[in-house]
Amino acid sequence: MTILDDQTYRRRRCLWAHPHGRDGLRLSFTNVPIGRETYGFAGLSYFLFRDGAHGPTTLTARVNGEPVGQYVHRDEWGWHGFRFDTARFAGQSADVELEVQSDDPSDRQFCFYADAR
Amino acid sequence: MKLGARTRSFERVDYGLCVVLWLGYVVLLLATVKDLGYARDEGFYFQAARSYEGWFQLLLTDGARALEPSTIDRYWSANHEHPALMKSLFALSHRYLFESFGLFREQGTAYRFPGMAVSALGVVVTYAWGVRELGRLAGLVGALSLAFMPRIFHHSHLACFDTPVMSMLLVTTYVYARSLEGGLGWAIATGVAYGLLLDTKHNAWLLPGAFVLHFLLTRGPHAFRELCAGRVAIPTSLFTIPLISPLVFYAGWPWIWHDTARRLADYVAFHLGHEYYNMEFLGQTYWKPPMPRLYAWVMTLATVPGITLVLFALGLVASVLAIVPAWRKREAGPTSIESAPRGALTSAVSTPLLWLLCLLMCYAPWWSDHTPIFGGTKHWITAYPFLCLFAGRGFVFAAERVRELVPRPALAQFAPELLAACVLIGPLSMTLHSAPWGLSFYTPLVGGAPGAASLGLNRTFWGYTTGAMQGFINARAPAHASVFVADTALQSWEMMRADGRIREDLRGTLAIAGSSIALYHHEPHMHRVEYQVWVDYGHDAPAAVGTFDGVPVIWVYER
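If you want it as C-alpha cells, here you go:
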C-alpha cells in the first residue's frame, strides 16, 4: 500500500501496481466475496504525470478467469473512478484477477483501490 | 521643506542621505540574515559563483589559458541560462570579502552581500529621482516605501537576481531620463547601464520598448511624421543603447565570448519556453499557461502595504490628471516641446509618463497567455520603484491637503514630516515582522498570513524556511544522520553546513529512504513528498511545525 496525490494534490491510499514490461502485472486474489459490481479508483501521482506524456494504462478484471471489464486510464485524469459489472457472480466467493498493462510501460507507477458492492 | 518641488539640483544633504539610506538598508539586511535559510536558487548560484571564482583566479595567474574557449566553457558553463554580472559579483565578494579580508563570518553572507548592495542602490536611486521630481521628503517617503515592502526586503537578502534587476532597471531608466535633458555623458551612461541591466537578468528585454513608446507619446500623435521630416530629433540615448549595451553585455558574460549566436539563441529560447513552476493562487495550483489575469494584481494588493498602495493610487491619479491635459494640448498643433532641443523632453509630464510606462512594462508579461508560469511577486517587483515614486507623488498631494487642514501654523509646518512618519511606520513594522518568513507574509488587506492561507495563496517556495528550523534539526537529529531536504537545494543545505548553521555531521539527501529527519515545505503540489514520508516513516505526525502568525509553513518529521 502507498499514498499518492490526486488532481487536487490530496492524499489517496492505494495498492501500488507498477507493471514491468509489456506483459504487465497480474494480481490474483482468492476467495473474494463478489457483489453486483466491482468499483474503484486508479491513478498515478498527479504531480508527476499530469502532463500526460505517457501512453494509457489498462486495468483488466477477471472473475474465475472470465473477463468482467476493462478500464483504460490516462495519466492526466489524476485519481479516476472505474466500475465493472459483476452481477452474474453476485453473492459468490470467487478468484479475482486484476491485470495492469501498458504499451508504454516505463514509469507506470499505477496505483488503485478496488472494492465490491 | 517645500513639498512637490522639482529641485533639479542635489544638495549636499541629499548626498548624505543617499549614503545613510544605502548603509542603513545594508546594515538592516545584514542584521536580519542570520536565520534566513538559503533559498533553492541561491544554491545553484553559489555553485556557479564558485566556478566563476576559479576562473577569476586563473585569469590573474595564467590569463592566456583563462581566455581559451575550452577553459571558458569549463568555468562558465555553470548556470549559463542566466547572464553573469551578479554571479561574478557573488564570486568576487566571496573571494575578497570572505577569504581575503574576513569581513564576513559566513560564506553565504559574503555571497549574498552584492545582492544586498545592489538592492540598496535601488532604494537610493528611488530617493534621488524622488528628490529631483518631488522634493526631499517625498523622495524619502518613496525610497523608504520601497525599502519597507516585505517582499522587497526578503529578496534583497538573497544571492539572487530579482531585486538587483529591479535596481538596475531603475538605474537605467533614471539615467535615460537624465539623458533626455541633454548631455552626451548621460546618453553614454544609458548605454552602459542598459548593458549592465542585460547582464543582470532578462527582465531587461522589454525596457527599450518602454523608452521608444515614451519618446513617441511625449511627441504626440504626429511623432512619426515629424521624425521623417527631421523636425524632432531622436534622443541620443536611443542610439547609445543599441550601440554600447551589446558590448557591455558581451564583455560581462564570458560564456558568450565564442559560439555567440547559438548561445544567445539558446539563452533566449530557454526563457521564452521556460519549464513550468507550480504556483498556488486562490486555492488552485497553476503549472501551465495561462496564469489568471488577476494574479499579478491580486498578489500586489495582497503583499504591498496598503498605505503604500493608497499613496500610489493618489499619485497615479494626480499624475494622470496632469498628463492628459498636457497631451491634449499638444494635439492642437506644434508646441515648444516638439520643436525644442532634446533638453526640453523631460518635463513634469514626461517623467511620470515614463514611470507609468515602465511600471506597465514590468507587469506586461502577465497579460500574455503564453508567459510560462514562473514564481510569485519577484517576477514583477521591477515595477515597485516606479510604484513608490508615484507613492511619493501621492504623499505630496496628501501632505499638502493635511497641512491645509491643520489650523495652527506652528503645527502645520511639521504636518508633512508627521504624515511621512505615519505612512512609513506600518510598512516598517510589517517588514520587520516578516523576517525570516518573507514569502509567507501577506498584508492585512487579505487578513495577513492566516487570511492568505484561507484564501489559498502560496505560503512559501524555494525551501528557504529550512533556516527557520535549523535549531530544531541540530537539536534532534541523531549523529551523522541523513536529512531529507525536500525543496531545499542540496547546495543550499551544504552552504548552511559550511556556515555552521547546520551541524557538520548532518548529511542532506533527496532520498526519503534512509533519512532520519524529513522536511516538508508546504505547497499543495509538494504534498506528494509528504505522503511518501508518511509511508516510509510509518506515521504522519510531524515532530515540529514552523509557523508564521500561526500558519504552518514547514514541518519536520522524525523517523
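Sequence lines, in order, name chains A and B.
The numbering of the first sequence is the numbering used here, which starts it at 1460 and goes up by one.
The numbering of the second sequence is the numbering used here, which starts it at 22 and goes up by one.
Note that CB positions come from ideal geometry on N, CA and C, so glycine has one too.
For residue i, the nearest candidate out of the options (CA to CA)
{"i": "B/Gly273", "options": "B/Glu154, B/Leu374 and B/Trp97", "result": "B/Trp97"}
{"i": "B/Thr452", "options": "B/Phe462, B/Tyr316 and B/Cys443", "result": "B/Phe462"}
{"i": "B/Ala131", "options": "B/Thr92, B/Ser166 and B/Val54", "result": "B/Val54"}
{"i": "B/Leu234", "options": "B/Gly160, B/Leu375 and B/Tyr297", "result": "B/Leu375"}
{"i": "B/Thr281", "options": "B/Tyr541, B/His101, B/Thr530 and B/Tyr66", "result": "B/His101"}
{"i": "B/Pro563", "options": "B/Phe569, B/Arg580 and B/Val572", "result": "B/Arg580"}
{"i": "B/His542", "options": "B/Arg240, B/Thr487 and B/Gln553", "result": "B/Thr487"}
{"i": "B/Leu377", "options": "B/Asp220, B/Thr194 and B/Gly571", "result": "B/Thr194"}
{"i": "B/Val556", "options": "B/Leu408, B/Gly535, B/Thr568 and B/His546", "result": "B/Gly535"}
{"i": "B/Leu106", "options": "B/Trp276, B/Gly206 and B/Leu293", "result": "B/Trp276"}
{"i": "B/Gly447", "options": "B/Gly216, B/Val40, B/Leu167 and B/Val47", "result": "B/Leu167"}
{"i": "B/His279", "options": "B/Tyr66, B/Val253, B/Leu88 and B/Met189", "result": "B/Leu88"}
{"i": "B/Gly397", "options": "B/Ala343, B/Ala442, B/Met312 and B/Pro373", "result": "B/Met312"}
{"i": "A/Leu1507", "options": "A/Arg1576, A/Trp1538 and A/Asn1523", "result": "A/Trp1538"}
{"i": "B/Val186", "options": "B/Glu154, B/Pro135, B/Ala198 and B/Leu540", "result": "B/Pro135"}
{"i": "B/Leu439", "options": "B/Thr392, B/Arg429, B/Ala420 and B/Ala456", "result": "B/Ala420"}
{"i": "A/Tyr1572", "options": "A/Phe1548, A/Arg1469, A/Gly1502 and A/Ser1561", "result": "A/Gly1502"}
{"i": "B/Leu219", "options": "B/His178, B/Tyr288 and B/Arg86", "result": "B/Tyr288"}
{"i": "B/Ala343", "options": "B/Ile494, B/Leu124 and B/Arg414", "result": "B/Arg414"}
{"i": "B/Tyr46", "options": "B/Val34, B/Ser177, B/Pro326 and B/Arg524", "result": "B/Ser177"}
{"i": "B/Leu531", "options": "B/Ala510, B/His548 and B/Met547", "result": "B/Ala510"}
{"i": "B/Ser455", "options": "B/Leu110, B/Thr324 and B/Phe119", "result": "B/Thr324"}
One or two residues paired with residue i in a DSSP bridge
{"i": "B/Trp576", "result": "B/Tyr541 and B/Val566"}
{"i": "B/His400", "result": "DSSP output for B/His400 lists no bridge partner at all."}
{"i": "B/His598", "result": "In the structure displayed, chain B extends from 22 to 580; residue 598 of chain B sits before or after that span and is not available."}
{"i": "A/Phe1543", "result": "A/Thr1497"}
{"i": "A/Val1461", "result": "For the record, residue 1461 of chain A in the displayed sequence is Thr; it is not Val. According to DSSP, A/Thr1461 bridges with A/Cys1473."}
{"i": "A/Arg1485", "result": "A/Glu1558"}
{"i": "A/Cys1570", "result": "A/Trp1475 and A/Gly1502"}
{"i": "A/Ser1552", "result": "A/Pro1492"}
{"i": "A/Ala1575", "result": "A/Thr1497"}
{"i": "B/Met300", "result": "B/Tyr307"}
Test item: CB-CB of residue i and residue j under 7 Å
{"i": "A/Leu1484", "j": "A/Cys1570", "result": "no"}
{"i": "B/Gly19", "j": "B/Val152", "result": "Any question about residue 19 of chain B goes unanswered here, given that chain B covers just 22 to 580."}
{"i": "B/His501", "j": "B/Asp520", "result": "no"}
{"i": "B/Arg7", "j": "B/Val574", "result": "The first residue shown for chain B is 22 and the last is 580, placing residue 7 of chain B beyond what the model contains."}
{"i": "B/Val196", "j": "B/Thr211", "result": "yes"}
{"i": "A/Asp1482", "j": "A/His1513", "result": "no"}
{"i": "B/Val504", "j": "B/Gly529", "result": "yes"}
{"i": "B/Tyr316", "j": "B/Phe302", "result": "yes"}
{"i": "A/Thr1519", "j": "A/Gln1529", "result": "yes"}
{"i": "B/Leu449", "j": "B/Phe169", "result": "yes"}
{"i": "B/Leu380", "j": "B/Phe416", "result": "no"}
{"i": "B/Tyr298", "j": "B/Ile394", "result": "yes"}
{"i": "B/Ile533", "j": "B/Gln512", "result": "no"}
{"i": "B/Leu158", "j": "B/Pro437", "result": "yes"}
{"i": "B/Glu74", "j": "B/Arg116", "result": "yes"}
{"i": "B/Ala412", "j": "B/Gly336", "result": "yes"}
{"i": "B/Leu540", "j": "B/Val506", "result": "yes"}
{"i": "A/Ala1576", "j": "A/Gly1494", "result": "One point to set straight first is that residue 1576 of chain A is Arg, not Ala, in the sequence displayed. Yes. Within cutoff."}
{"i": "B/Gly559", "j": "B/Thr464", "result": "no"}
Distance cut-off 6 Å: residue i Cβ against heavy atoms of the ligand SAH
{"i": "B/Gln553", "result": "Of ligands this structure carries none, so the ligand SAH is not represented either."}
Margin query: To be precise: take each residue of the segment 533-554 of chain B, compare its Cβ to all Cβ atoms of chain A, and keep it if any distance is under 7 Å. Which residues remain?
Written below: Pro545, His546, His548, Arg549 and Tyr552
Notebook entry, point to check: Looking at chain A, which residues of the segment 295-308 of chain B have a Cβ within less than 7 Å of any of its Cβ atoms?
Noted result: Thr306
Item checked: 4 or more residues per run - each alpha helix (DSSP H) lying fully within the segment 254-296 of chain B -> Uninterrupted alpha helix (DSSP H) stretches at least 4 residues long and entirely within the segment 254-296 of chain B occur at 258-272 and 281-293, given in chain order.
Check: Which runs of the beta strand (DSSP E), 3 residues or longer, sit entirely within the segment 1498-1534 of chain A?
Finding: 1516-1522 and 1525-1532
Notebook entry, point to check: If contact means a Cβ-Cβ distance below 9 Å, which residues of the segment 1489-1514 of chain A contact chain B?
Noted result: Ser1504, Tyr1505, Phe1506, Leu1507, Arg1509 and Asp1510
Check: Taking the runs of the alpha helix (DSSP H) that are 4 residues or longer, which of them lie wholly in the segment 487-561 of chain B?
Finding: 491-497, 511-519 and 548-558
Next item on the list: Can you check the segment 53-91 of chain B for any alpha helix (DSSP H) of at least 4 residues that lies completely inside it and give the ranges in chain order?
Entry: If you keep only unbroken alpha helix (DSSP H) runs of at least 4 residues inside the segment 53-91 of chain B, you get 61-82 and 84-87.
Next item on the list: Jot down the residue ranges of each uninterrupted alpha helix (DSSP H) in the segment 302-337 of chain B, minimum 4 residues, whole runs only, in chain order.
Entry: Qualifying alpha helix (DSSP H) stretches, in chain order: 316-324.
Check: Which residues, in order along the segment 1461-1487 of chain A, keep a beta-carbon less than 8 Å from a beta-carbon of chain B?
Finding: Thr1461, Ile1462, Leu1463, Asp1464, Thr1467, Tyr1468, Arg1469 and Arg1470
Note to self: To be precise: take each residue of the segment 555-570 of chain B, compare its Cβ to all Cβ atoms of chain A, and keep it if any distance is under 7 Å. Which residues remain?
What the structure shows: If the cut-off is 7 Å between Cβ atoms, the segment 555-570 of chain B has Trp555 and Val556 near chain A.
Notebook entry, point to check: Mind pulling the alpha helix (DSSP H) runs of 4 or more residues that sit fully within the segment 135-187 of chain B?
Noted result: 157-168 and 171-177
Item checked: Runs of alpha helix (DSSP H) lying entirely within the segment 394-446 of chain B, each at least 4 residues, in chain order -> Correct list: 405-426 and 430-433.
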